[in-house]
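In what follows, a structure is listed as structure tokens, so that the remarks can point back to it.
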Amino acid sequence: MADFEVPELQEIPLVPHIKEGAMAHSQPYIAKAPFQEALGFPGELVENWEEKVYEKMDDLRKRYRSFQVYLDSCVKCGACTDKCHYFLGTADPKNMPVARQDLLRKVYRSKFTFAGKFWTKLGMPWMVGAQKMDKGVLDEWYSYFHQCSQCRRCSVYCPYGIDTAEISMAAREIMDSIGVGQKYCNEILGKVFKIGNNLGLPQPALLNTLEGLEEEVEEDTGVAVKFPLDVKGADILLVTPSADFFAEPHVDGLIGYAKVFHESGISWTISSYASEAGNFGMFIGSYETMRKAAQRIRKAALDLGVKRIVFGECGHAWRVAYSFLNTLAGPWDFLDPNYPVPQHICEFTHDLIQRDKLTFDKSANDHRVMTYHDSCNVARGSRMGDKPGGQMEIPRAVIKACCNNFHDMPPETIGEATFCCGGGGGILTDDLMEIRVKGAQPRAEALKQVTENNGVTHMAAICAICKSQFTKVLPYYGFTMDQIVSVHQLVSDAIVLTKKD
Amino acid sequence: MTALSIFFALLFYAAMAVFVVGLVCKIIQYSRTPAPLKIPTTPAPVTQTGVVLRMASEVILFASLFKSSKWTWIFGWMFHLALLLAFFRHLRYAMTPDSMLWPLVNLKLIQAAGQYGAYVMLIGLLGLFVRRIFVDRVRYISAPSDYLMLILILTIAGSGTLMSFVAHTDIVQLKAFILGLIYFDWQTLPADGLVITHLGLVALLMFIFPISKLLHAPGMFFSPTRNQIDNPREKRHISAWGKAIDDAEAKMTVD
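Here's what the structure looks like:
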């Protein structure tokens, strides 16, 4: 099945002994020139690229406090060394967060610190962990900065809050700026700017898909649940990951949102122009690219004249939406000030549940014993509701409102300590299958525990990447694809629909 | 006045200058660098008071490190606590009994805690050193400078402990030397191997503070994942350069 060794799941997860170079061969495909140029990056490795790396690094450290402070502050205490799911799954020491950062920090030290310059001049840069930029370093960057899902687990445990995601984003931005981009991310960004979503689904195809869903739901339930597209004057603009339009189990989640909107009686629409929640601009670390993608949502909201914006189930998307959307595409003063902008679909559904507006037949989910996977960027890069931690509580409250059987995975693998699915941050591509499978090991171990101890049959997630990743990689560990469900799929199965005119 | 005294007097002025100027430059650099996006590691406080409490728990208790690794936490915390105690104890060598703080500094508790804290410091440092050598992951990420830093501080702590418990130096004369530095009335430094080691390495530590990983001390206060309020939906966060992009685009639309 795989041309690499699939790790064996442990009863009690173990921290491996380091195996140098274990994943040095892992590299994603390089973006071809047209895709690079479409985003304003050089098509291929530029001349004099070492100098350009230093220039870009200098630019970034002046524009990002996180970058400057984190490059200076690490004391190599080792607190993060056993926290990354990619290290736990591969044992490659360069997948330890600090070592991953050091791939960039050593270059920073050689050029921008007194100690680094001093020892480099003496010919002993290794004294202080400094190294000049060269082809070997660039190769390592390309390899290991595409083995980070920007999940922020390391930043929870760092005594200074150093977030490797910030360093990975900077590294990818630097590489893009010298013409070394990743095919997967940059091609997808091209599609967003050209067509409106990551999958390159044009308006007619989208319309066709949504009409098909309407028919399917009416056949199933006898109730005419609408899936509106580009409806001017609707109250709510739904922005959801494009995988929700046809991938499994994503689409079952989309059906769930539609049913909740139906029951709420609030009008809503999807926009074909901004038919993508996922913002890959974050993966490549580019503020400008991320902003450009976010501005599409602003334009759609203005053009359609909506009053509110609701985001569907997506992890990194929700981080960009919750934490950055106001910065990148605000202010949102033309929307209804009574609601947060944006709102998560789980917040929306939870609010209706709180106000007793939804009726559930929980027995519809009795064939499932549920657990819930906290998506990394929801857990550690966002919030839901008014209180810190609402992003863990609200999705669970929604699940428990429509399911009788729920067990959490071990506490050190959920909540703020949650393990990434292994496919986040621009890693969800077939050319990185080995790191995806190995990175999923810690989650698979936790899932196995509750499967064996509590009879858990299904794991719910609220992220398009998590869902795609798990359906693909969990079978390597003996699970089946259909054990992964959308949170709003559970809502969809249990909700009691009322006929409306 | 010996040549040694003059050398050490000049050394300490230089060390103090590098330490203060270097640190101030770094703090200015950190505070002037924009943080264009809201990136607190969540769950994060939603109020300013909450952020102060979060930061206090990090600075005083090393809360995140506690979550991470109990061994690193206990050794690291012992070392830093003892460092604070040693600082208070040393204040008596830099002030006269007519100083306002003298009654506090001269408290038996402060003096005893500072003195016996030496052992706490040595245990903490040795623990960190052993961990660095024997845990394969930590050994992998260690550069020579990481070991040397520990050796440097261990030697400072060791020489100080020896002076305190084993081979007393002429402390009256030493205090006169230090007060002399402060009041620009130079006095003779006792020519004692332990004193010279202790003070020489302290000066070295001050020199390298602003150019080494010791910058974690000011750095942690500027860490956006720890010092930002989690309120991006409630309040629009925008940096100067972020706003410049907005403005440039708005201007293009108007034109």
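If you read the sequences in order, they're chains A and B.
According to the numbering used here, numbering within the first sequence proceeds without interruption in unit steps and concludes at 508.
According to the numbering used here, numbering within the second sequence proceeds without interruption in unit steps and concludes at 297.
Ideal Cβ placement from N, Cα and C applies to all residues, glycine included.
This structure is a prediction, so every number in the text was calculated from the model and none was measured.
query: Are the C-beta of V105/A and some C-beta of chain B separated by less than 7 Å?
result: yes
message: For M262/B, would you say it is in contact with chain A, using Cβ-to-Cβ distances shorter than 7 Å as the test?
response: yes
- request: Could you check if P23/A is buried or exposed, using at least 16 other CB atoms within 10 Å of its CB as the buried criterion?
  value: buried
- prompt: By how many angstroms is the C-alpha of M64/A removed from the C-alpha of F119/A?
  reply: 10 Å
query: Under a three-way DSSP split, which group does Y77/A fall into?
result: helix
query: Of the residues that make up the segment 146-172 of chain A, which ones have a beta carbon closer than 8 Å to any beta carbon in chain B?
result: R159, S162, V163, Y164, C165, P166, Y167, G168, I169 and D170
task: Going by CA-CA distance only, name the one from L504/A, A231/A, G432/A and A468/A that's closest to I174/A.
output: G432/A
- prompt: What number of angstroms, rounded off, separates the C-alpha of G388/A from the C-alpha of I81/B?
  reply: 7 Å
- prompt: Using Cβ-Cβ distances below 8 Å, what residues of the segment 99-127 of chain B are close to chain A?
  reply: E100, F104, S106, L107, K109, S110, S111, T114 and G118
- request: Report yes or no: do the segment 325-338 of chain A and the segment 388-398 of chain A share at least 3 C-beta pairs separated by less than 8 Å?
  value: yes
task: Measure the alpha-carbon distance for H465/A versus L245/A and round it to whole angstroms.
output: 27 Å
- prompt: Does the segment 143-159 of chain A touch the segment 245-257 of chain B, meaning 3 or more C-beta pairs lie closer than 8 Å?
  reply: no
message: Let's test the definition: count the other Cβ atoms within 10 Å of the Cβ of A154/B and tell me whether it reaches 16, buried, or not, exposed.
response: exposed
task: Use the C-beta contact count for W56/A: other C-beta atoms within 10 angstroms, 16 or more gives buried, fewer gives exposed.
output: buried
field: Three-way DSSP call (helix, strand, coil) for A510/A in this model
entry: The structure shown has nothing for residue 510/A, since chain A only spans 8 to 508.
message: Between E283/A and the ligand GDP, is there a pair consisting of the residue's CB and a ligand heavy atom that are separated by less than 6 Å?
response: Although the ligand GDP was asked about, the structure shown includes no ligands whatsoever.
query: To the nearest angstrom, how far is it from the Cα of P78/B to the Cα of R268/B?
result: 15 Å
- request: Spatial neighbours of P418/A within its chain, please: CB distance less than 8 Å, with the 5 preceding and 5 following residues excluded, ordered by chain position.
  value: A424
field: Proximal residues of chain A, C-beta to C-beta of V177/B below 9 Å
entry: G85 and T88
task: List the residues of chain A that D188/B touches, going by C-beta distances under 7 Å, in chain order.
output: K83
Chain A contacts made by the segment 268-285 of chain B, where a contact means CB separation under 7 Å: R268, D272, P274, R275, R278, H279, I280, W283 and G284
message: From the DSSP secondary-structure annotation, give me the bridge partner or partners of Q547/A.
response: The structure shown has nothing for residue 547/A, since chain A only spans 8 to 508.
- prompt: Who are the near neighbours of C470/A in its chain, counting only those whose CB is closer than 6 Å to its CB and skipping five residues on each side?
  reply: C321, G322 and S382
task: Count the other CB atoms, across all protein chains shown, that sit within 10 Å of the CB of L126/B; report buried if there are 16 or more and exposed otherwise.
output: exposed
query: Can you name, in chain order, every residue of its own chain whose Cβ lies under 7 Å from the Cβ of M488/A, other than the five neighbours on each side?
result: T478 and P482
message: Using beta carbons (cut-off 7 Å, strictly below), is I69/B in contact with chain A?
response: no
query: At a Cβ cut of 7 Å, what residues of the segment 127-143 of chain B count as close to chain A, listed as they run along the chain?
result: none
query: Is DSSP giving W339/A helix, strand or coil here?
result: coil
message: Per DSSP, what are the beta-bridge partners of M466/A in this structure?
response: T378/A and I491/A
message: Just to make sure I have the definition right: I need the residues of chain B whose C-beta is within less than 7 Å of the C-beta of Q476/A. Which are they?
response: Under the 7 Å cutoff, chain B gives no residues; its nearest Cβ is about 22 Å from Q476/A.
- request: Would you be able to state if there are at least three C-beta pairs under 8 Å between the segment 16-34 of chain A and the segment 172-187 of chain A?
  value: no
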